[in-house]
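Student:
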Ligand SMILES: [Zn+2]
Ligand SMILES: [Zn+2]
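In our numbering, the protein residues as written are 41 to 151.
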């Protein structure tokens, strides 16, 4: 099972979001995990997501959070834009947003 990168011992719960994306959400802290494939499928501009994958993390910083898929340390970095910071899996599995960062989802999907 996938665990919350922030709370660690809490298991993520899968649900279908308003946006039609399958997400994993932490019942404890309210943060959400977005699989890269889901993000690409749901974006209004999938080519931007694809390009961001090629570009890799922008201005990355190390974190003590691990990817819920592969358990490697993630990077806090810009995705698509330097201003859109999230915790990114270094192997490109997806990204994590804390609850207070969830307003960025619209930017991720629409811009
Ligand atoms: Zn959590
Ligand atoms: Zn990963």
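C-beta: ideal position from N, C-alpha, C; glycine also.
Just so we're clear, the structure is a prediction, and the values are computed from it rather than from any experiment.
(1) Keeping to the same chain, check which residues put their C-beta closer than 7 Å to that of residue 76; ignore five residues upstream and five downstream.
(2) Can the beta-carbon of residue 117 be found less than 8 Å from the beta-carbon of residue 105?
(3) Taking the beta strand (DSSP E) that residue 100 falls in, what are its first and last residues?
(4) For residue 54 and residue 62, which I take to be in contact (beta-carbon distance under 8 Å), what is that distance rounded to the nearest angstrom?
(5) Report buried or exposed for residue 126, applying the criterion of at least 16 other Cβ atoms within 10 angstroms of its Cβ.
(6) For residue 111, name the three-state secondary structure that DSSP assigns.
(7) Determine which residues share a DSSP beta bridge with residue 127 and list them.
(8) Assuming residue 137 and residue 72 make a contact with CB atoms under 8 Å, what is their CB distance in whole Å?
(9) Who does residue 62 pair with in a DSSP beta bridge?
Tutor: Reading off the structure:
(1) 93, 132, 133 and 134
(2) no
(3) 98-106
(4) 6 Å
(5) buried
(6) coil
(7) 116 and 136
(8) 6 Å
(9) 56
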